[in-house]
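Colleague: After the structure tokens below, expect a handful of questions from me.
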């Protein structure tokens with residue numbers, strides 16, 4: 368499987384067969400993922416492989432509450448917890464207390480404890496180079512030192528016939544998760560990775576073409592990937608490889 372085949376089949380897999388994911392497979396996945404880049408090569412990630420069923424059930428219960436908050440935003444036509452105005456988050460856009468009390472059935476969240484493998488990924492805050500700190504907008508740069516590692520986990524899973532999904536919804540319950548797993552206070556929860564054998568595999572994801580999101584020389588410039596014939600105004604899209 369070449370890189371394009373791998374990335375175009377690395378879907379968000381949320382339904383799994385009963386096949387067990389072995390420790391050897393998880394080790395192989397992490398052994399590949401560890402080559403992810405990070406600021407200063409500080410590799411600040413820490414992974415907790417959750418195997419105890421009682422802990423899995425507690426994680427599920429926490430996730431269900433986070434999912435309710437998430438869906439309350441979606442049902443209101445909002446991107447969950449997004450900085451809606453002034454480039455900063457101005458507080459909840461929905462009533463969170465009400466949202467947390469309303470059941471929103473979803474097989475993935477309701478049966479999260481039955482997923483073949485759960486990996487909680489934490490990152491050591493002091494190892495993050497957060498160069499956008501102090502800007503008048505939502506900070507995003509720190510994630511560059513941990514989320515490539517998370518994506519590598521998903522890619523490595525697909526490569527060996529498995530699949531998974533990265534979810535950050537559980538981060539809404541970070542204090543409880545930190546306490547549950549005995550996490551050092553110098554760390555933060557980056558994501559929960561769920562791994563298993565997908566019930567149905569995707570062979571090619573649907574994504575916007577390069578011309579939709581790439582421009583030349585300015586934000587509103589000519590779409591990159593389109594060749595202009597200097598003798599006419601006709602455009603010739605660059606062919607796929």
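In the numbering used here, the protein residues as written are 368 to 608. Ideal Cβ positions, reconstructed from N, Cα and C, are used throughout, including at glycine. In this text the structure is predicted, and so the values were computed from the model without any measurement.
Taking just the CA atoms, how far does residue 498 sit from residue 620?
Modeller: This structure does not reach residue 620, given that the chain is present from 368 up to 608, and the question cannot be answered.
Colleague: Let's see if you can read the secondary structure: which residues bound the alpha helix (DSSP H) around residue 434?
Modeller: 420 to 442
Colleague: In chain order, which beta strand (DSSP E) runs of at least 3 residues are fully inside the segment 459 to 535?
Modeller: 484 to 491, 530 to 534
Colleague: Give me the DSSP bridge partner(s) of residue 554.
Modeller: 491
Colleague: For residue 383, does the count of other Cβ atoms within 10 angstroms reach 16, so buried, or fall short, so exposed?
Modeller: buried
Colleague: So, with DSSP's three-state summary, where would you put residue 457?
Modeller: In the structure shown, residue 457 sits in coil (DSSP, three-state: anything other than H, G, I, E or B).
Colleague: Do residue 396 and residue 562 count as a contact pair if the criterion is CB distance below 9 Å?
Modeller: yes
Colleague: If we ignore side chains and look at the alpha-carbon of each, how far apart do residue 610 and residue 453 end up?
Modeller: The shown model of the chain, from 368 to 608, leaves out residue 610, and the question about it has no answer.
Colleague: Do residue 553 and residue 380 have their C-beta atoms within less than 9 Å of each other?
Modeller: no
Colleague: With DSSP run on the structure shown, which of helix, strand or coil describes residue 451?
Modeller: coil
Colleague: Strictly by DSSP, which residues pair up with residue 563?
Modeller: 530
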